[in-house]
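Enquirer:
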Amino acid sequence: MTTPPAVVPADHSGEFERERVPDRALKGPTAFWGMYAGEHTAGTEFMLGPLFIAWGATANSIIFGLLIGNLLAVLTWRFLTARIATAQRLTLYYKMEKIAGGKLVVLYNLANGLLFCFLAGAMVTVSATAVGPFFPSMTMPTFDTMLPTGPGWIAACVIIGAAMTLVALKGYGFVAKVGHWAAPWMFLVFVACAFVTLGRLESFDLMALLTPPPGTVTKISFWGVVFFAWFCNAAMHLGMADLSVLRFAKKASSGWASAAGMFLGHYVAWICAALLLVYWVRFHGVDPTVGKDPGTMVNDAVGWAGLICIIIAGWTTANPTIYRAGLAFQGMVPGMTRSTGTLIAGALCIGAGIFPAFAMNLLSFVGLYGTVLAPIGAIIVVDFYFAERCGIPTDPAERAGAGFNVAVLLAWLIPVAVAMYCYKYQGVFASFLPLPCALACALLYIVFSKAFGPKPATA
Amino acid sequence: MQSFAKYLGLLALAATIVPPALFMFKLMPLAAMQWTMLAATFVWFATAPVWLKGSD
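First to last, the sequence lines map onto chains S and A.
The first sequence begins at 116 in my numbering and counts up one residue at a time.
The second sequence begins at 61 in my numbering and counts up one residue at a time.
1. Of all the options S/F363, S/G542 and S/V523, which has the alpha carbon lying nearest to the alpha carbon of S/L222?
2. In the structure shown, what three-state DSSP assignment does S/K407 receive?
3. Please check the pair S/A489 and S/C552, which I expect to be a contact at CB under 8 Å, by giving their CB distance rounded to whole angstroms.
4. Given this structure, state the Cα-to-Cα distance separating S/S128 from S/T455, to the nearest angstrom.
5. Along the chain, where does the alpha helix (DSSP H) that runs through A/W95 open and close?
6. Should A/T107 be flagged as near chain S, meaning a C-beta pair shorter than 7 Å?
7. What residue range is occupied by the uninterrupted alpha helix (DSSP H) comprising S/A237?
8. Can you grab the Cα-Cα spacing for the pair S/G516 / S/P571, in whole Å?
9. If you drop the 5 nearest sequence neighbours on each side, which residues of the same chain put their C-beta closer than 8 Å to that of A/P80?
10. Need the endpoints of the alpha helix (DSSP H) that S/A200 sits in, please.
11. Mind the definition here: the stretch 290–304 of chain S touches the stretch 129–138 of chain S only if three or more C-beta pairs lie below 8 Å; say whether that holds.
12. Taking beta-carbon pairs under 7 Å, can you tell me which members of the stretch 297–309 of chain S lie near chain A?
13. Can you tell me whether A/K86 is helix, strand or coil according to DSSP?
14. Whole angstroms are fine: how far does the CA of S/L141 sit from the CA of S/L262?
15. Restricting to Cα atoms, I'd like to know which of S/F567, S/L559, S/V273 and S/I177 is closest to S/L390.
16. At what residue ranges does the stretch 264–304 of chain S contain a whole run of the alpha helix (DSSP H), taking only runs of 4 or more?
17. Taking DSSP as the reference, what is the three-state secondary structure of S/A517?
18. At least one CB of chain A closer than 7 Å to the CB of S/S128: is that the case?
19. Residues in the stretch 392–419 of chain S with C-beta within 7 Å of chain A's C-beta atoms, listed in sequence order?
20. Using a Cβ cut-off of 7 Å, pull out every chain S residue sitting near A/M97, in sequence order please.
21. At the level of alpha carbons, what is the spacing between S/M150 and S/G143?
22. Given a threshold of 16 other Cβ atoms within 10 Å of its Cβ, counted over all protein chains shown, does S/T145 qualify as buried or as exposed?
23. Run through chain S and tell me which residues come within less than 8 Å of A/Q94, C-beta to C-beta.
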């Protein structure tokens, strides 16, 4: 007896990558609170907090803008991502395959894999700054550094990146465990940095401390900060990458767990990290637009525990990122092993890490990352909420047996191309782009699907 | 064993955050604070795998 080609065999890996997650594998909310808290307290938080100071964000923007933006991110996770995840219980990739066709998923994998590599590269850059205090002669990059600072810097990035890649080759089970163990301690190290800085600045008035000195050029508005906080993880919530995680949740209310990541990692940790640069500006005369590398600032505040924190925070988040990028590349080329995919991802990540430009432009990079990937989530939202009302089929590629849904491709690429033009030539802040791009993609998808999208064969 | 690791782990977390708080109020010198935090780091990573076993 042969298996019909349309029937996908059950997944025995325990990950249910090509089937609905069964009830026996569902998890309660506590699993998600810990996971989100750990995943969003990363090495890059040491870079993002000071970048707000470098961009001249006002105290109101940092304290209230981040609060609003993070709240909006949590609401997006709860009412869009978790709602769809718990209703359908499929991975993003499998859901995409049903809507866009397997061949188009390959293109998505390429975009996703490359962006993952650059993100992991930024984490390598941040981790490499922890080496600086041990080698005072090594020039550390600052916010205006775009190129490698010298052979020592390159060696540090290669060694750290290679170590991360080698561990990723083994799978990321062990690293996920270390990340789980490290999460509460890492968060306290961020808070410890703030305590030390407040003690040195002899003030507890956060509003006064975070107010930029007179004459500071404000490069990011209140709404810029709101949109940055909302969309720095656009790929995960609006872009639906976290369908893969939240499909295991018993109830959609587990989406509230994202609050742990947003308010501990993207609020408290960012403000703590921002205070470090405030201290260096006020007491060491550092130019805020040039900044100071995280390794030096954290070592100065809390010593070697801080350096260990930078390395572990970078490692535990870069490692799964390299692993996922490897899987994305593996999915593109038939016959490629996961190890080869991971090695390619690791090499790209090391290359990106050597060039500090990616880490130093993280405020723009994560906005572009969301701009490219969030529209795919908008298509899933249309398929879930509006397809029947708009008279277009749900899961059209699967039902029509199509491998490549041109309606999805055009609805995705046209808004992204316009957004890239606006970013490059009109100077629009990258974090303002994911929302209009996703909305435009959703509308175009409806129009194109009606016009020439794959239609299910009638019986 | 697990409950011993839990108490030791909690102690390590306390030793990570209390010294910086004491430094903030000028009740502890910087060097002592930093060394205490480093010791707490080692204790935390020794106890957390035992304490959090099963919840990974």
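Using N, Cα and C, we set each Cβ at its ideal position, and we do this for glycine too.
Expert: With the structure as the only source:
1. S/V523
2. coil
3. 7 Å
4. With a pLDDT of only 49 at S/S128, under the threshold of 50, the placement of this residue in the model should not be trusted, and no figure is reported.
5. L90 to W111
6. no
7. G217 to A243
8. 8 Å
9. M93 and M97
10. A197 to Q203
11. no
12. P299, W300, L303, V304, V306 and A307
13. coil
14. 47 Å
15. S/I177
16. 266–284
17. coil
18. Its pLDDT being 49, under 50, S/S128 is placed unreliably by the model, and nothing is read from it.
19. V417, G418 and W419
20. A307, V417, G418 and A420
21. 12 Å
22. exposed
23. V417, G418, W419 and A420
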